[in-house]
Every structure is written in structure tokens, then in C-alpha cells.
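So that you can map any letter, position 178 of the sequence shown is 450 in this note's numbering, and since no number is skipped, the others follow by simple counting. For each residue, glycine too, the CB sits at the ideal point set by N, CA and C. These notes are about the structure you will find just below.
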Amino acid sequence: MEDRRKRNRIIRQRIAILGFTTGALSTLVIVLLFVGISKLFAQAGIESGTNANDAYSTSGALLTPEPIKPSEYPKAEGLLRLVNWDNPTDGTRPPNLVLAKAVLGDEIVLQNNETSIDYEAGVALSRMCRAAVADGIQKYVLTSGYRSVDYQKTLWENRLAQDPDYGKDPFTSPVKVMPGNMSEHATGLAVDILNMEHKNANDEYGESMAGLWLAHNAHKYGFILRYPKDKQHITGVIYEPWHFRYVGEEAAEEIYSKGICLEEYLGKERK
Ligand SMILES: [Zn+2]
């Protein structure tokens, strides 16, 4: 009885060892087969599971992608929103408006504590004004930022009450006040900035230290002088050396260096 049990146990152990060995051998054979097949495919130039558009050449070396030229960068639609005589706004309140006093400090004077501005434009305006003060320029005064279509409509109607022909032919007789739904102040990206030393919105501002500083430095902070003297026939707006528009640093740099206006930059001047 004892012997039989012992023999059975030995048989069971041998079967277990045999089973394990067989399993291990099978796995080894499968692995060897797989490696062999992969090598055959590789020699034939077939790369299993490799996309032809991968950044790897067939030799396995990493390909360096062609550098993109700045002029080919995708243009950020939002910051380049065009609102003018031919492109009215639907009056939707811009999504990123904040109170100007939340992003601006004592580097600039706020004429109105309730003025709102696009957040990114406000941050850039703050940087710009701090740089101007560091350059010895008196503090700028923010006289206008975001304006609702309704508010702009009031300004427009006041003008019309004084002159019923106002804005009839803006490309010959450019305006200072735009109709309710055609002012880019509705984007939150436009600011009117005068200076403690020159508080009048007139041509002379462009010749003042503060106006000259803006004209030559604003692009470094992503702003453009939106209504240049020599583009009134395109913008339909008078020369406004106090009105700056945030478009982002890249577009501002190109617009400034080429001496063009936003309509020309976007290829949307009236033909
Ligand atoms: Zn303005």
C-alpha cells in the first residue's frame, strides 16, 4: 500500500516535470520562429506595423522636419478678428473680457474704473506701459477699451444728429466714430491710449513723445497703430495715433515692419 502511494507520487512528479519542460520548449520554439520571420520581413524591406508617414526613414534614422517660416505660421483667427465698414460684428460679447483694473496697475491711469478689456490684450498693455515708464515716458491714460454695440450706437447717433451726411462716403471722407456694429472696440482688443502730458485725441498726439513712443514700440507688445495716416482710404477711419489694436506679437511685427494696415495684412481691403 505504502509502496504504491510512493510510486504514484513519483509518477505525478515526473509528469509535472515533463509538462513544464514541454511547455518551455514550445514557447522557445515559438519565440525563435517569430524572430526568424521578423528578420526575413526586415530583409525584404517590409516593416510590419510601421506607418509610411512616420518621422523615420527606412534605414531607421530620424528625419528632421523642415523648419516652418514665420510667415507660414497659422494665423490666430481670434486675435485677428476684423471689424470694419465691410465686416460688422454681430454684437456677441467677447468671451475673455475682464475689468481693466484687474490686469492693469499704477503703470497706467484708468479714465473709467469700469472699462473692460480682453484679458490677453490687458496683460500686454500692462507690459507695454511699464516699458514706456522705464523709458522715461509719462503715464498713459486708458480712455477707452471694450465698447458694446449699444453704446457705440449712441455715439454714432450723436454724430449723425450733428451731421446727417456723416460717414456717407468714408473712403473719401474718413470718420472718427464708427456705426454701432462696425467699431472694433466691440472686440475688447482695441484701446484708446492718451497720455498725462497730452490728453487730446488729435493729430499732434502722434508727434508727442508719448505718441512717437507708441508708434515705434507698440508692435513689440503685440499692438498696432490701427488707423495710420496713409491708410485712411483703406480703413475709412481718420488717422488715430491714440487707437491701438492688439493682434499678437507676430502679426504686429509683420504689420509694423511692412508698413501695412490690418486690412492689407489679412488681404481684405475693399477692391
Ligand atoms: Zn478707438
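- Distance from the CA of P513 to the CA of L497, rounded to the nearest whole angstrom, comes to 7 Å.
- Of all alpha-carbon atoms in R419, A396, I380, S416, the one lying nearest the alpha-carbon of Q410 is that of I380.
- Taking a 10 Å sphere around the C-beta of N356, we find 16 or more other C-beta atoms and assign the residue as buried.
- The alpha-carbon separation between N472 and L466 amounts to approximately 7 Å.
- For S416, the enclosing beta strand (DSSP E) covers residues 412–416.
- Between G377 and Y418, the C-beta spacing is not below 8 Å.
- If you draw a straight line from the Cα of R402 to the Cα of H505, it is about 34 Å long.
- At least one heavy atom of ligand 1 is found less than 7 Å from the C-beta of D464.
- In the DSSP annotation of this structure, the continuous segment of the beta strand (DSSP E) that includes N467 starts and ends at 462–467.
- In this structure, the beta-carbon distance from Q424 to S455 falls below 8 Å.
- In this structure, ligand 1 has no non-hydrogen atom nearer than 7 Å to the beta-carbon of S388.
- Not one heavy atom of ligand 1 falls within 7 Å of the beta-carbon of H488.
- Annotation: Y412 to L351 spans about 23 Å, alpha carbon to alpha carbon.
- Per DSSP, the beta bridge partners of D390 are L369.
- With a cutoff of 8 Å on beta-carbon distance, N359 and E392 are scored as not near each other.
- Shown here for E535: same chain residues with a beta carbon closer than 6 Å to its own, the five before and five after excluded, namely I506, E541 in chain order.
- Between K503 and P442, the alpha-carbon positions lie close to 12 Å from each other.
- For R353, no alpha helix (DSSP H) run applies, since DSSP gives it neither H nor E.
- With respect to A462, G363 sits apart: the two C-beta atoms are not nearer than 8 Å.
- With contacts defined as CB atoms closer than 8 Å, L354 and L486 fail to qualify as a contacting pair.
- Ligand 1 has no heavy atom closer than 7 Å to the beta-carbon of S420.
- Under the DSSP assignment, L538 falls in the alpha helix (DSSP H) whose first and last residues are 534–538.
- A straight line joining the alpha-carbon of D464 with that of F516 spans about 6 Å.
- Within 10 angstroms of the beta-carbon of H488 lie fewer than 16 other beta-carbons, which makes it exposed.
- Around the CB of D390, 16 or more other CB atoms lie within 10 Å, so the residue is classed as buried.
- Going by C-alpha positions, M450 is about 34 Å away from A406.
- With a cutoff of 7 Å, H470 does not count as near ligand 1, since its C-beta is closer than that to no heavy atom of the ligand.
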